[in-house]
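Below you'll find the structure, written out as C-alpha cells, and then a few comments.
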Amino acid sequence: MIINDFLAFTESGLYCRAGDFYLDPKLPVKTAVITHAHGDHACAGNELVYCTKATAAIMQLRLRKNAAKQFKTLDFHQPFYIGAIKITMIAAGHILGSAQILMEYEGTRYLYTGDIKMQEDPTCERIDMVQADVLITETTFANPEVLHPDPIEEIRKLNASSHNVLLGSYSLGKSQRLVNLITEHCPQRSVLLHHSMVGITKLYEDFGFHPGNYAPYNRKLMKYPDKGFVYIVPPLTFDCYFRAKGVLRAFASGWKRLQAQNDLSIYISDHADWNDILKYIEAVKPLEVWTLHGDGEHLRQHFAGVMPVKLLV
Numbered sequence: 004m005i006i007n008d009f010l011a012f013t014e015s016g017l018y019c020r021a022g023d024f025y026l027d028p029k030l031p032v033k034t035a036v037i038t039h040a041h042g043d044h045a046c047a048g049n050e051l052v053y054c055t056k057a058t059a060a061i062m063q064l065r066l067r068k069n070a071a072k073q074f075k076t077l078d079f080h081q082p083f084y085i086g087a088i089k090i091t092m093i094a095a096g097h098i099l100g101s102a103q104i105l106m107e108y109e110g111t112r113y114l115y116t117g118d119i120k121m122q123e124d125p126t127c128e129r130i131d132m133v134q135a136d137v138l139i140t141e142t143t144f145a146n147p148e149v150l151h152p153d154p155i156e157e158i159r160k161l162n163a164s165s166h167n168v169l170l171g172s173y174s175l176g177k178s179q180r181l182v183n184l185i186t187e188h189c190p191q192r193s194v195l196l197h198h199s200m201v202g203i204t205k206l207y208e209d210f211g212f213h214p215g216n217y218a219p220y221n222r223k224l225m226k227y228p229d230k231g232f233v234y235i236v237p238p239l240t241f242d243c244y245f246r247a248k249g250v251l252r253a254f255a256s257g258w259k260r261l262q263a264q265n266d267l268s269i270y271i272s273d274h275a276d277w278n279d280i281l282k283y284i285e286a287v288k289p290l291e292v293w294t295l296h297g298d299g300e301h302l303r304q305h306f307a308g309v310m311p312v313k314l315l316v
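For what it's worth, the numbering used here labels the leading residue of the sequence shown as 4, then goes sequentially.
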C-alpha cells in the first residue's frame with residue numbers, strides 16, 4: 004500500500020518519517036541520503052551522509068572539513084537499511100557518482116530520482132532503470148516545449164570558426180562532459196580549464212572516467228587570436244568577462260536565459276527533457292508519480308485520468 008506522506012517537505016528539506024532521514028536536505032541534518040554532489044543537493048554540515056564513493060570524494064574536495072561528520076559510502080545496487088527501510092542506490096547518469104534512491108518499505112517501492120540524464124555521456128555512469136510503485140522525479144525541464152538537441156551537433160558549432168571561445172559551464176559534471184565532447188568532435192580545438200575545474204576533473208580521472216584532452220588555463224595562450232582555444236570557465240568568471248574582446252562567448256546549458264547575448268547558443272543539458280521524462284516513466288512503470296525540482300503541472304495534465312501525479316512542491 005502506498006503511504007501518501009511517505010515523503011514530505013520540512014524546513015530542512017525532503018523528509019522520510021518512516022526512516023527518520025532526509026533526501027538531499029537543504030539544511031544540515033542528523034541523517035542524510037545524498038544523490039550527488041551538486042550544491043543544491045549536497046549541503047555542508049550533515050552529521051551522517053549515505054552516498055556513493057564518488058559523491059563523498061567530490062563533497063570532501065569541495066566542502067573540506069564541512070562535508071560531513073561521517074560518510075557511509077555504497078556501491079550501486081548494494082542494499083542497506085536505515086531503520087526498517089531497505090535502500091538501494093541506482094545510477095542516475097547525471098554526473099559522476101550520481102544516484103537514484105530506491106526505498107522499499109512495507110511491500111512498496113519508492114524511487115527518488117535526484118537529477119537524471121538519459122543522453123549518452125562517457126564521463127559518468129550510465130543511467131540504470133528499475134521499476135517502482137511510486138516515482139519521485141525531478142521536473143527541471145518537464146515541459147512539452149523543451150526538447151534537448153543532439154549534444155554532438157551542438158558542440159560541433161565550435162567547428163564553424165577558428166576564433167578562441169570563452170565557454171561558460173558548471174564546474175562539476177558539465178565541464179568534464181564538454182572536455183569529452185570537444186576532444187571527440189572538435190579535434191582542432193584545444194581546451195583550457197579554469198583552475199576551479201582542474202581538481203574535480205582529476206578526481207574524475209581517479210575514478211576511471213578520463214574526459215579527454217585539456218590543460219590548465221594559460222593567460223598567454225588566450226592572447227593569440229584564432230588559435231582555436233576553448234577556455235571553459237564557471238558562471239561567475241563568465242559573467243566577469245562580459246566585455247572580453249577577441250573571443251566568442253557561449254554558455255553550455257539547457258536554459259534559454261543563459262544563451263542570451265552570447266555569440267553562440269550551445270544547448271547541452273545534464274537533465275532529462277520532456278520526451279526523456281516520458282520514456283523514463285514508461286520504463287519505471289509507476290502507479291503514481293510525485294514531482295519536485297521544477298514544475299510538475301505539465302506531467303499532471305499529461306497523465307490526467309491515467310495515473311495520479313502529485314506535486315510535492
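A virtual CB, placed ideally from N, CA and C, is assigned to each residue, including glycine.
Taking DSSP's pairing of strands, which residues face GLY297 in a bridge?
THR142
Nearest by alpha-carbon distance to PRO214: which of ARG222, ARG192, GLY257, GLN179 is it?
With distances taken between CA atoms, PRO214 lies nearest to GLN179 out of ARG222, ARG192, GLY257, GLN179.
In whole angstroms, what is the alpha-carbon distance linking PRO152 and MET106?
33 Å
Look at LEU114 and ILE139 and say whether their C-beta atoms are less than 9 Å apart.
yes
Mind checking who ASN221 pairs with in its DSSP beta bridge?
None, per the DSSP bridge assignment.
Spatially closest choice to TYR217 from CYS243, SER165, PRO190, by CA coordinates:
PRO190
Would you give the residue range spanned by the beta strand (DSSP E) that MET62 belongs to?
Premise fails: MET62 lies in the alpha helix (DSSP H), 56-66, not in any beta strand (DSSP E).
Provide the residue span of the beta strand (DSSP E) that contains LYS72, from first to last.
71-77
Where does ALA145 land, buried or exposed, given buried means 16+ other C-beta within 10 angstroms?
Buried, since its Cβ has 16 or more Cβ neighbours within 10 Å.
Taking Cβ to Cβ, would you say ASP118 is nearer than 9 Å to SER101?
yes
Looking at C-beta atoms only, is the number of pairs between the segment 232-251 and the segment 193-205 that lie closer than 8 Å three or more?
yes
Using a threshold of 9 Å, state whether the C-beta atoms of LEU30 and GLY16 are closer than that.
yes
Per DSSP, which one or two residues make a beta bridge with THR126?
In the DSSP output, where bridge partners are listed per residue, THR126 has none listed.
Quick one: any contact between the segment 196-211 and the segment 249-264, if contact means 3 or more CB pairs under 8 Å?
no
For the beta strand (DSSP E) that contains PHE306, what are its first and last residues?
No beta strand (DSSP E) contains PHE306, which DSSP labels as neither H nor E.
Express the C-alpha separation of ALA163 and LYS313 in angstroms, rounding to a whole number.
45 Å
What is the rounded straight-line gap between the Cα of ALA47 and the Cα of ASP276?
29 Å
Quick check: what's the CA-CA separation for LEU169 versus GLY249?
10 Å
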